[in-house]
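Okay, so here's the structure we're looking at.
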Amino acid sequence: MTEKSSERNKVLCLGRIYCDIIFTGLPDMPVLGRERFAEAVTIAAGGGAYITAAHLAFLGRPSALLTRLGTDPLSQSLNPELEGSGIDLAFVERSHDAGPQPTVALVKDGERAFVSRRAGTSRPASLEEALSAPDIAHLHIAEFATLKDNPDVIVMAKDCGLTVSLDPSWDDQLIRQDAGFFETCAGVDVFLPNVEEGEALTGEKSAETILRRLQKHFPLVVLKRGEYGAMASLGTACVAAEALPANVVDTTGAGDAFNAGFLHSWLGTSDIEKSLADGIKAGALSVQSAGGAPPRLL
Numbered sequence: 067m068t069e070k071s072s073e074r075n076k077v078l079c080l081g082r083i084y085c086d087i088i089f090t091g092l093p094d095m096p097v098l099g100r101e102r103f104a105e106a107v108t109i110a111a112g113g114g115a116y117i118t119a120a121h122l123a124f125l126g127r128p129s130a131l132l133t134r135l136g137t138d139p140l141s142q143s144l145n146p147e148l149e150g151s152g153i154d155l156a157f158v159e160r161s162h163d164a165g166p167q168p169t170v171a172l173v174k175d176g177e178r179a180f181v182s183r184r185a186g187t188s189r190p191a192s193l194e195e196a197l198s199a200p201d202i203a204h205l206h207i208a209e210f211a212t213l214k215d216n217p218d219v220i221v222m223a224k225d226c227g228l229t230v231s232l233d234p235s236w237d238d239q240l241i242r243q244d245a246g247f248f249e250t251c252a253g254v255d256v257f258l259p260n261v262e263e264g265e266a267l268t269g270e271k272s273a274e275t276i277l278r279r280l281q282k283h284f285p286l287v288v289l290k291r292g293e294y295g296a297m298a299s300l301g302t303a304c305v306a307a308e309a310l311p312a313n314v315v316d317t318t319g320a321g322d323a324f325n326a327g328f329l330h331s332w333l334g335t336s337d338i339e340k341s342l343a344d345g346i347k348a349g350a351l352s353v354q355s356a357g358g359a360p361p362r363l364l
């Protein structure tokens, strides 16, 4: 998988965009009937498509966001961050039924819990235009839920000559209960689950076995393992990389940042060892501040 030309090297990121309200410094997680107070709160744009696109732009890779954004005040409050991200926003559809889409993230000791709301359809009216744009080389689908809603998007991307990656993004109902998961994902070139998702999809516990099982369905599998780093399997090659030391503030979006680092390197080099290392660098940068986007955007 290499860049098609210097003019066609942009990554198109498809997925919902959320308004993340992130509480950090919690002494304990809330329980029913009790109130907790956080030390700090950050309000930022979120969702895997945006976070990956933002980190790609930060790394110097042209990126475009393919999503729907509400016209409500909460959705519109994201405009300054989006406009300052360096992402191509030409394919962002703005519609009254696309918001609000808030995510409340509660962070304690580097771990987090989320409550989110989805609004409207996940299919932007600009989908066909975006996929056929002359500078797009690769489609990154940020969550299986979006692919499930738009099962034709992989074929559409392939018809336009694009390569495709997918981060399943944890969804208990879809990942654990969708018997057609792998059929829906047919045609994905790069599969980017974390270890919890890999376990749920394969029923296996060891990283090596998860990779072997998943590679029956995807040419390149990249398994994110948090504090244990990451592994990748391509053909007969299997490589691993350790995590980097980092001052962990918030792990929200770390996997999406990893995706950006990996894809930016992979599209330019096809070197899985270097791509793993670059993914880990991007993920380590992300966890050192609240919110998923690069620190300069927050």
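Each number in this note's numbering corresponds to the 1-based position in the sequence shown with 66 added.
Here a beta-carbon is modelled for each residue, glycine too, at the ideal position from N, C-alpha and C.
These numbers were taken from a predicted model, which means no experiment stands behind them.
query	result
Is it buried or exposed for Asn145, if we count other Cβ within 10 angstroms and need 16 for buried?	exposed
Which word fits Pro96, buried or exposed, when buried means at least 16 other C-beta atoms lie within 10 angstroms of its C-beta?	exposed
Hey, could you find the ends of the beta strand (DSSP E) Phe248 is sitting in?	Looking at the DSSP string, Phe248 is not in any beta strand (DSSP E); the run it does join, the alpha helix (DSSP H), is Phe247 to Thr250.
Could you check the C-alpha separation between Phe26 and Val170 for me, to the nearest Å?	The requested residue 26 does not occur in the structure, where the chain is confined to residues 67 to 364.
Please go through the stretch 287 to 311 and give each complete beta strand (DSSP E) segment of 3 or more residues, from N-terminal end onward.	296 to 300 and 303 to 307
Output needed for Ala312: all residues of its chain with C-beta closer than 6 Å, excluding positions within five of it in sequence on either side, in chain order.	Ala350, Val353 and Gln354
Name, in chain order, the residues that DSSP records as bridge partners for Thr335.	Beta-bridge pairing links Thr335 to no other residue.
Taking the straight line between their C-alpha atoms, what separation do you get for Glu69 and Ser188?	Confidence at Glu69 is low in this model, with a pLDDT of 42, below 50, so the placement of that residue is unreliable and no value is reported for it.
Look at the alpha carbon of Pro128 and the alpha carbon of Glu101, and state the distance between them as a whole number of angstroms.	44 Å
Would you mind sorting Thr137 into buried or exposed? The rule is 16 or more other CB atoms within 10 Å of its CB.	exposed
Since Val287 contacts Ala273 with CB under 8 Å, what's their CB separation in whole angstroms?	With a Cβ gap of about 10 Å, Val287 and Ala273 do not count as contacting.
What separation, rounded to the nearest whole angstrom, lies between the Cα atoms of Trp332 and Val158?	26 Å
Using only the alpha-carbon positions, how far apart do Gly91 and Cys85 sit?	20 Å
Helix or strand or just coil, what does DSSP make of Ser71?	Confidence in Ser71 is poor, its pLDDT being 47 and thus under 50, which makes the residue's placement unreliable; the coordinate value appears in the next sentence. Strand, per DSSP.
Please go through the same chain and pick out, in chain order, the residues whose beta-carbon is closer than 6 Å to the beta-carbon of Ile220, but skip the five residues on each side of it.	Val230 and Gly253
What first and last residue would you give for the alpha helix (DSSP H) that runs through Ser194?	Note that residue 194 corresponds to Glu in the displayed sequence, not to Ser. Counting along the chain, the alpha helix (DSSP H) containing Glu194 begins and ends at Leu193 to Leu197.
With a 10 Å radius around its C-beta and 16 neighbouring C-beta atoms as the bar for buried, classify Phe89 as buried or exposed.	buried
Can you tell me the Cβ-Cβ gap for Ile276 and Leu310, rounded? I've got them flagged as a contact below 8 Å.	At roughly 22 Å, the Cβ-Cβ gap does not stay under 8 Å, so Ile276 and Leu310 are not in contact.
Select from Leu329, Thr335, Phe257 and Leu135 the residue whose C-alpha is nearest the C-alpha of Ala348.	Leu329
What first and last residue would you give for the beta strand (DSSP E) that runs through Ala203?	Ile202 to Ile207
In angstroms, rounded to a whole number, what distance separates the CA positions of Arg315 and Glu293?	Here residue 315 turns out to be Val, not Arg, going by the sequence shown. Going from the Cα of Val315 to the Cα of Glu293 covers about 14 Å.
Indicate whether Arg184 and Arg74 have their beta-carbon atoms separated by less than 8 Å.	no
Would you decide whether Lys76 is buried or exposed? Buried here means 16 or more other CB atoms lie within 10 Å of its CB.	buried
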